[in-house]
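Residue numbers (this note's numbering), protein chains in the order written: chain A, 377 to 738; chain B, 377 to 738. Glycine is no exception: its CB is placed at the ideal position from the N, C-alpha and C atoms. Before any comments, here is the structure.
2 protein chains.
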Amino acid sequence: MTATRHVDLPSPYVLRRGGQLFGARLAYETWGELSAARDNAVLILTGLSPGAHAASCAQDPTPGWWEAMVGPGRAIDTRRHFVICVNSLGSCKGSTGAASIDPATGQPYRLSFPELTLEDVAASSKHVLDALGITHLRALIGPSMGGMTTLAFAVLFPGFAANLVLISTAPHSLPFATAIRSVQREAIRRDPAWKNGDYSADAWPENGFRIARKLGMVTYRSPQEWRSRFGRKRVNTPDPRPFEREFEVEAYLDAHADRFVGSFDPNSYLYLSRAMDWFDLADHGGAVDIALAKTQAKRALVIGVTTDILFPIEQQREIAEGLRHAGAIVEYHALPSIQGHDSFLVDFERFAPPVGDFLNSL
Amino acid sequence: MTATRHVDLPSPYVLRRGGQLFGARLAYETWGELSAARDNAVLILTGLSPGAHAASCAQDPTPGWWEAMVGPGRAIDTRRHFVICVNSLGSCKGSTGAASIDPATGQPYRLSFPELTLEDVAASSKHVLDALGITHLRALIGPSMGGMTTLAFAVLFPGFAANLVLISTAPHSLPFATAIRSVQREAIRRDPAWKNGDYSADAWPENGFRIARKLGMVTYRSPQEWRSRFGRKRVNTPDPRPFEREFEVEAYLDAHADRFVGSFDPNSYLYLSRAMDWFDLADHGGAVDIALAKTQAKRALVIGVTTDILFPIEQQREIAEGLRHAGAIVEYHALPSIQGHDSFLVDFERFAPPVGDFLNSL
């Protein structure tokens, strides 16, 4: 049983780079109750891979991707706030993306899906709020790619969200992150099973996608965590085939790849991955600081992690300082979590208090 | 015209893990003159990919892989020292490796090449010295994987080299480095053209090898270097195919992959890459410090780079402290080079002085 609902986007829905979608829709979930004054809405925009199911609920008791953070009495308290989470446009968890059927052909879009930007992901999410009758947000929350989308939303709809929560994110990708993502995309594209995007449902480019996912995990966690967690420990039963796994860190990567491959559409991954590399907040006015000033944000919570190699802490500091220069009241945390970029998905002891305190103070 | 010479290994040549090679040989080059007292020999053991051609010479004026460091008047001064560089056993630059012909079958070894360790690379290199009539080394120099091989050599032949130069290396791989190398090997193995190692000479697993090389480059340099060098600069003429390169950092990776693929045998890469992950100096006595004490090193120069993510600076410090505890006189440099692990191949301004001073003081 699913708690997912859908909102139809205007048809055609025109994207920033000129493409159009007909009959597109977005999947979303909500928790809690919208107040009579409609003033307690909190929107969560997600990282690359999660869907709208951020937390469990009566209709769908499956744990959500941010289960420990969202719920009654939790940091994102569903007794206080009306919480909404949207599956990004271009993803494959209920929203229209490259794996969706193009009504013009009756076939999946695949690479005929139009060029997608994070501004499109942000602007389309606003239609969910419109459909729910929400005219302003108590807070807009975005971790990782969702933080980039949050920045895009804030600059596209100034003042709509007076309070921003930006977690382990960046105003644009640095070349190290772009290099990693470029190699991930190339691993998918060079898999013969990719077939220029025209893979069949029963023959996905799994080899390339495995490499992409493993490379992702290498950058989502931190060398420090793995050093203390795995060291040089061997697996109990190594795979006897030559050059197969022997070390625990390899088994860990295998387990992550096994879970991910088959659960996310590779073309959708390509579109969202590229959208992250394309995104540059400075496109909105010529410089990051100018764009941040445009958001009219009143307050912001900016959190980063010192062991993050994908969205290094300097990028969070840049956002925090830019918002401060623009006159916002900014709370900035450089957390010493050991789990790197993914810390917001695991180190709840460190992440829950500042997020909860910030939201409850609004 | 080549300056490469060869030494035949004993036949059969028994490897540490039990395999045997018949008619195996090693390629090497030398520069300078061995003194009458045979006391000025300096051996260079290489990283994963270079061959024995460390520097140009009269017979082969092609620049070597460490041209700026090796030569008359250079840091590794060929007027003072008799310099030898050996192509690693298992490599494909003239020494016997997986791409060599197995005399038993008349076919390339491919995966029938026996399991290879860095101890084998070290021990086999000693036969080059034996053939040259060298009974002790003035210095043993190893950067990167070559530093691991140097440690293996030093513990297998205590006192043979009283003076060690260890550059950007480690007593063993940390799980981050193993994860990277594991993904590199998997990218090769999952390329359908790999064919369990039985690829033909005109159909190498180039797609997987490209990914492996690019992933290598991501870890050989540093995010800081790329940030200042590339930023978010675009290429002038982007490839119009979907998801192809747009950013300069992507073109840089392409250029590196283009140069490497076709010039190094993928199976040989697998063998040497795995040997690095297998290597653990602590295997020689139970702990790194015990093994370092076994080397009987008198003096050591240990150099690392603070931006190295593959062989982090802590690992050089560990080696330096261990050698000091064992009674060696150790000079330790944590260089602030911005080029990461590869700094020893490019930042000669920082690397040449300490190496030159150390060698000239012997």
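Three-way DSSP call (helix, strand, coil) for residue i in this model
i, result
"I517 (chain A)", "strand"
"L542 (chain B)", "strand"
"Q435 (chain B)", "coil"
"Q715 (chain A)", "coil"
"F536 (chain B)", "coil"
"H429 (chain A)", "coil"
"F623 (chain A)", "strand"
"R617 (chain A)", "coil"
"P484 (chain B)", "strand"
"Q600 (chain B)", "helix"
"Y389 (chain A)", "strand"
"H660 (chain A)", "coil"
"V722 (chain A)", "coil"
"G592 (chain B)", "helix"
"D574 (chain A)", "coil"
"F640 (chain B)", "strand"
"G698 (chain B)", "helix"
"L738 (chain A)", "coil"
"G523 (chain B)", "helix"
"R586 (chain A)", "helix"
"R414 (chain A)", "coil"
"I477 (chain B)", "strand"
"R610 (chain B)", "strand"
Beta-carbon proximity check, residue i vs residue j, cutoff 7 Å
i, j, result
"S644 (chain B)", "R557 (chain B)", "no"
"I420 (chain B)", "I543 (chain B)", "no"
"A627 (chain B)", "R586 (chain B)", "no"
"V446 (chain B)", "A430 (chain B)", "yes"
"L738 (chain A)", "P618 (chain B)", "no"
"M524 (chain B)", "T554 (chain B)", "no"
"L540 (chain B)", "A428 (chain B)", "no"
"L668 (chain B)", "L646 (chain B)", "no"
"S425 (chain B)", "F640 (chain B)", "yes"
"L494 (chain B)", "A528 (chain B)", "yes"
"G732 (chain B)", "A451 (chain B)", "yes"
"L397 (chain A)", "H503 (chain A)", "no"
"K609 (chain B)", "V559 (chain A)", "no"
Residue(s) in a DSSP beta bridge with residue i
i, result
"E405 (chain A)", "A:C461"
"E707 (chain B)", "B:L677"
"D384 (chain A)", "A:R401"
"G395 (chain B)", "Bridge partners of G395 (chain B): none, in fact."
"G447 (chain A)", "A:D453"
"I510 (chain B)", "DSSP lists no partner for I510 (chain B)."
"L421 (chain B)", "B:V462"
"H548 (chain A)", "A:D656"
Proximal residues of chain B, C-beta to C-beta of residue i below 9 Å
i, result
"A546 (chain A)", "Correct list: empty, because the minimum Cβ distance to chain B is about 11 Å."
Partner residues on chain B for residue i, Cβ-Cβ distance less than 7 Å
i, result
"L656 (chain A)", "Residue identity check: residue 656 (chain A) is Asp in the sequence provided, not Leu. Neighbours of D656 (chain A) on chain B, chain order: R608."
"R635 (chain A)", "The contacting residues do not exist; R635 (chain A) stays about 16 Å from chain B at best."
"R650 (chain A)", "F619"
"L668 (chain A)", "Neighbours of L668 (chain A) on chain B: none; closest Cβ ~17 Å, over 7 Å."
Residues that residue i contacts on chain B, provided the C-beta gap is smaller than 8 Å
i, result
"V594 (chain A)", "F552, A555, I556, V559"
"P614 (chain A)", "Per Cβ cutoff of 8 Å: no residues; P614 (chain A) is ~12 Å from chain B at best."
"I587 (chain A)", "V559, E562, A563, R566, I587"
"E626 (chain A)", "T554, A555, S558"
"W570 (chain A)", "Neighbours of W570 (chain A) on chain B: none; closest Cβ ~10 Å, over 8 Å."
"W602 (chain A)", "L550, P551, F552, A555"
"L629 (chain A)", "A555, S558, V559"
Near the ligand HEM: residue i beta-carbon under 6 Å from a heavy atom
i, result
"F623 (chain A)", "As far as ligands go, the structure on display features none, and thus does not contain the ligand HEM."
Proximal chain A residues relative to residue i, where beta-carbon distance stays under 9 Å
i, result
"L646 (chain B)", "P618, F619"
"W441 (chain B)", "Under the 9 Å cutoff, chain A gives no residues; its nearest Cβ is about 23 Å from W441 (chain B)."
8 Å Cβ cut-off: residues of chain A touching residue i
i, result
"I689 (chain B)", "The premise fails here: I689 (chain B) is roughly 12 Å from chain A at the closest Cβ pair, so nothing lies under 8 Å."
"A579 (chain B)", "Chain A residues near A579 (chain B): none, gap ~13 Å exceeds 8 Å."
"L591 (chain B)", "V559, L591"
"A599 (chain B)", "It should be pointed out that residue 599 (chain B) corresponds to Pro in this sequence rather than to Ala. In chain order: L550, P551, F552, I685, P688."
"F623 (chain B)", "P551, T554, S558, D653"
CB contact check: residue i to chain D, cutoff 7 Å
i, result
"E694 (chain A)", "Structure shown: chain D not included; protein chains present are A and B."
contact_flag[the stretch 568 to 581 of chain B, the stretch 684 to 704 of chain B] where n(CB pairs < 8 Å) is 3 or more: no
Given 8 Å, three or more beta-carbon pairs between the stretch 723 to 730 of chain A and the stretch 602 to 617 of chain A: no
At least 3 beta-carbon pairs within less than 8 Å: the stretch 573 to 584 of chain A vs the stretch 517 to 531 of chain B: no
contact_flag[the stretch 518 to 538 of chain B, the stretch 490 to 508 of chain B] where n(CB pairs < 8 Å) is 3 or more: yes
The stretch 450 to 461 of chain B / the stretch 406 to 415 of chain B touching (three or more Cβ pairs under 8 Å): yes
Sufficient close CB pairs (3 or more, under 8 Å) joining the stretch 590 to 610 of chain A to the stretch 707 to 718 of chain A: yes
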